[in-house]
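Asks:
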Ligand SMILES: Nc1nc2c(c(=O)[nH]1)N[C@H]1C(S)=C(S)[C@@H](COP(=O)(O)OP(=O)(O)OC[C@H]3O[C@@H](n4cnc5c(=O)[nH]c(N)nc54)[C@H](O)[C@@H]3O)O[C@H]1N2
Ligand SMILES: Nc1nc2c(c(=O)[nH]1)N[C@H]1C(S)=C(S)[C@@H](COP(=O)(O)OP(=O)(O)OC[C@H]3O[C@@H](n4cnc5c(=O)[nH]c(N)nc54)[C@H](O)[C@@H]3O)O[C@H]1N2
Ligand code: SF4
Ligand SMILES: [Mo]
């Protein structure tokens, strides 16, 4: 028997590290970072290794399963597709197209067979009820890109390898490996930056990233928009906008600044916990730096003013002359374009959710309304749901209400690899084959990377006869639904065909042949300024004062216009290097060691309540009261408590032996579906007011 190394990109997070997977015949026996990947250069994190566990997971579904009462029975693929088609068609014909809902979870983005094939099925369904993990995540970014630059994916990325100063808010890339900034081995890159220039972190927790920063400031959760508004005011004191490069390409900058300048500065330090002198000093650093970039992520994206935060960040980068500039922020000119002709630029408020009347964005409704769209009677109510690679019971606000709602559906279909908190309600689960036996090209994360890169992942082993790729499953459901409803549907061709076509739309010169000959991927060099040439707004200019954002400013002033006292305790999230949202707790390599589900609280806050570290506490939010263990954590800002999301396993009917045995409550059993970002309805998961008692 010989050992053989095979190479592909890791499918588990945005860092898209190259992996070297060692096979003994067709058995995967070891994994390490691919030293020859020009982008990731051998980087791997504990999750990359846990692919071994995923492949061997005894609970992983490997054939379609049909639920009969509390029992699960295998069903053949053809029968499964036919059943899905008939049951979905029955719901559509009785209750109308809107009665079918769909929720797409995070891993869809990591599989070409999902991201490129799901849209055809969704279009065929013609339902307004499409949801995804985007609205508990990065919607404010996409919205601001669309509003200012004309395309949801014209995303300015911090040029972290070349910038002199990075001001980072609400992100912890040392643990998360970076987001909307694909940069494998990001900790090394940030350390290099902190030696060459300055990394400044604004976070309510002295996070692992704050610990390698040159400077860290605590901020009270949910108040970043105030901080950023004050920063922009301070920058104006230091000098005029450095917009010579693009002054004739801006629309509405003066109006935007005038509106932002009405915000009373004296309220800012009371609410944020950052004093005026510190804000002025950061403004000075940005003003004096040869190049600088401001970047804000999860902590900012999922708070009440997420869109305002992203808008203000764009304006600051623009004002300081750092937009679309080397060392500032740059848009990736991807080998396989996701902007430009024929791509989905985005649209807004073309329809509204039935119950709460929230606007769609880019064809989706905010997932915070999903439960009410199922459990509120009336015409247009969701009666059938498709989930694909999603676990909304643990990932979206008020998971308990959602789980009750899922139990009342006429039909639920899940494309998933496990029977978990969400999929246990499905009538039918269709599990795709392992990503290791499928073709993959990273459509999204190559396009959000800090360099221009391209890599084709080829199957590392032969697919087995009983396996179906993601793309075959989407095609299969759509064909069966079309057959059952008498609609026309042409199945999409296989992935290599779509990948070749996608590359042809770009101008990089990369084609399938080149990719096939480069098993470690291709580096096409650093990003270059191109945003101004690629604007997709109707007047070809940057929209500095988009109406939905200008209109949201009064909400900020209402919330914080007066220097009043903040809520006593504010809850924020926390990620761990061995977690991946809710779904990798069944991997032995990742769950071994100390428990990490606990609520963390500052020692002073514990003392004030007479609570000992390690005690059981009751935590109460606007929607629930739960019990869990608390631990002292002096890295937190006083007044802030933190809890990781993705726990709360072990629910009746769930079948993940290791995960189900773990302690821990679900963050989203506390989070409030009424707490939303204004323009988008993105969930405000961070900064949740809570109380904690012994
Ligand atoms: N409170 C709080 N909530 C959060 C967050 C937070 O920070 N705090 N983070 C949010 C963020 S950023 C995100 S992205 C969302 C994630 O939200 P979701 O995407 O809903 O949840 P995941 O935990 O990623 O669940 C992934 C699902 O995909 C399945 N799966 C895994 N691999 C595959 C595969 O190859 N194919 C298929 N078909 N299925 C697969 C898993 O079994 C699981 O059911 O959670 C959000 N929710
Ligand atoms: N190990 C691991 N890695 C992951 C994931 C995982 O679950 N585990 N999930 C992946 C996914 S889907 C995503 S989207 C990315 C997310 O990756 P990141 O965007 O880096 O998100 P987090 O790691 O949640 O870090 C958010 C930071 O914001 C801080 N924060 C919370 N509220 C506020 C606030 O109001 N203001 C400010 N300024 N800061 C605040 C938190 O303390 C935390 O340090 O991570 C990805 N990588
Ligand atoms: S950092 Fe992300 S892409 Fe790299 S090995 Fe870890 S999970 Fe995979
Ligand atoms: Mo995410």
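Numbering (my numbering), first residue to last: -9 to 684. We put the CB at the ideal spot given by N, CA and C, even for glycine.
So is residue 362 buried or exposed if we call it buried at 16+ other beta carbons inside 10 Å?
Replies: buried
Asks: Please state the DSSP three-state secondary structure of residue 586.
Replies: coil
Asks: Evaluate residue 278 with the Cβ neighbour count: other Cβ atoms within 10 Å of its Cβ, from every protein chain shown; 16 or more gives buried, anything less gives exposed.
Replies: Its Cβ having fewer than 16 others within 10 Å, residue 278 is exposed.
Asks: Mind checking whether residue 71 and residue 318 have CB atoms under 7 angstroms apart?
Replies: no
Asks: Where does residue 405 fall in DSSP's three states?
Replies: strand
Asks: Quick check: the Cα distance between residue 336 and residue 212, rounded to an integer number of angstroms?
Replies: When the Cα atoms are used, residue 336 and residue 212 turn out to be separated by approximately 26 angstroms.
Asks: Residue 314: which of 472, 518, 396 sits nearest, CA to CA?
Replies: 518
Asks: Is it the case that the Cβ atoms of residue 406 and residue 419 are separated by a distance below 7 angstroms?
Replies: yes
Asks: Which residue from 107, 156, 546, 443 puts its Cα closest to that of residue 276?
Replies: 156
Asks: Can we say the stretch 363 to 373 touches the stretch 60 to 80, given the rule of at least three CB pairs closer than 8 angstroms?
Replies: no
Asks: If the criterion is Cβ atoms closer than 7 angstroms, does the pair residue 546 and residue 215 meet it?
Replies: yes
Asks: Tell me the start and end of each unbroken beta strand (DSSP E) in the stretch 463 to 516 that is at least 3 residues and wholly inside, in chain order.
Replies: 512 to 516
Asks: At the level of alpha carbons, what is the spacing between residue 478 and residue 683?
Replies: One Cα belongs to residue 478, the other to residue 683, and the distance between them is close to 59 angstroms.
Asks: Opposite residue -1 in the DSSP bridges: which residues?
Replies: 8
Asks: Cβ-heavy atom distance between residue 685 and ligand 3 below 6 angstroms?
Replies: It is not possible to answer for residue 685, since the shown part of the chain is limited to -9 through 684.
Asks: Among the candidates 638, 537, 459, 678, whose CA atom is the shortest distance from the CA of residue 106?
Replies: 459
Asks: Cα separation between residue 575 and residue 408?
Replies: For the pair residue 575 and residue 408, the Cα-to-Cα distance works out to about 12 angstroms.
Asks: My assumption, with CB atoms under 8 angstroms, is that residue 685 sits in contact with residue 125. Please give the rounded CB distance.
Replies: The chain is shown only over -9 to 684; residue 685 falls outside these bounds and no answer can be derived.
Asks: Give the secondary structure of residue 278 by DSSP, where H, G and I count as helix, E and B as strand, and everything else as coil.
Replies: helix
Asks: Check residue 98 in the structure and name its three-state DSSP category.
Replies: Helix.
Asks: Do residue 195 and residue 626 have their C-beta atoms within less than 7 angstroms of each other?
Replies: yes
Asks: Report all residues from its chain with a CB closer than 8 angstroms to the CB of residue 453; omit the five preceding and five following residues, and keep chain order.
Replies: For residue 453, where only same-chain residues beyond five positions count, the Cβ hits under 8 angstroms are 423, 427, 428, 459.
Asks: I'd like to check one pair, residue 542 with residue 348: are the Cβ atoms closer than 7 angstroms?
Replies: In this structure, residue 542 does not lie closer than 7 angstroms to residue 348 by Cβ.
Asks: Which residue marks the beginning of the beta strand (DSSP E) containing residue 158, and which one marks its end?
Replies: 155 to 159
Asks: Hey, is residue 379 close to ligand 1, as in C-beta under 6 angstroms from one of its heavy atoms?
Replies: Placement of the Cβ of residue 379 at a distance of less than 6 angstroms from at least one heavy atom of ligand 1 is found.
Asks: Residue 628 to residue 598, Cα distance in whole Å?
Replies: 11 angstroms
Asks: Just the residues with CB closer than 5 angstroms to a heavy atom of ligand 3, in chain order, which are they?
Replies: 0, 2, 3, 5, 7, 34, 35, 37, 38, 167
Asks: Please go through the same chain and pick out, in chain order, the residues whose beta-carbon is closer than 6 angstroms to the beta-carbon of residue 488, but skip the five residues on each side of it.
Replies: 106
Asks: Mapping the DSSP letters down to three states, classify residue 144 as helix, strand or coil.
Replies: coil
Asks: Output yes or no for whether 7 angstroms exceeds the beta carbon distance between residue 289 and residue 676.
Replies: yes
Asks: Scan the stretch 307 to 361 and note each continuous beta strand (DSSP E) run of 3 residues or more that stays entirely inside, going in chain order.
Replies: 338 to 342, 349 to 351
Asks: With a CB to CB cut of under 7 angstroms and the five nearest residues on each side skipped, what residues in its chain are close to residue 378?
Replies: Exclusion of the five residues before and after residue 378 leaves 94, 95, 98, 104, 108, 405 as the residues of its chain whose Cβ lies within less than 7 angstroms of its Cβ.
Asks: Taking 6 angstroms as the cut-off, does the CB of residue 159 come closer than this to any heavy atom belonging to ligand 2?
Replies: yes
Asks: Answer yes if the stretch 500 to 510 comes into contact with the stretch 629 to 636, meaning at least three C-beta pairs across the two stretches below 8 angstroms, and no otherwise.
Replies: no
Asks: Taking only runs that begin and end inside the stretch 87 to 141, name each unbroken alpha helix (DSSP H) of 4 or more residues, in chain order.
Replies: 102 to 105, 108 to 115, 129 to 139
Asks: Quick check for students: name the residue ranges of the alpha helix (DSSP H) that lie wholly in the stretch 598 to 681, counting only runs of 4 or more.
Replies: 647 to 650
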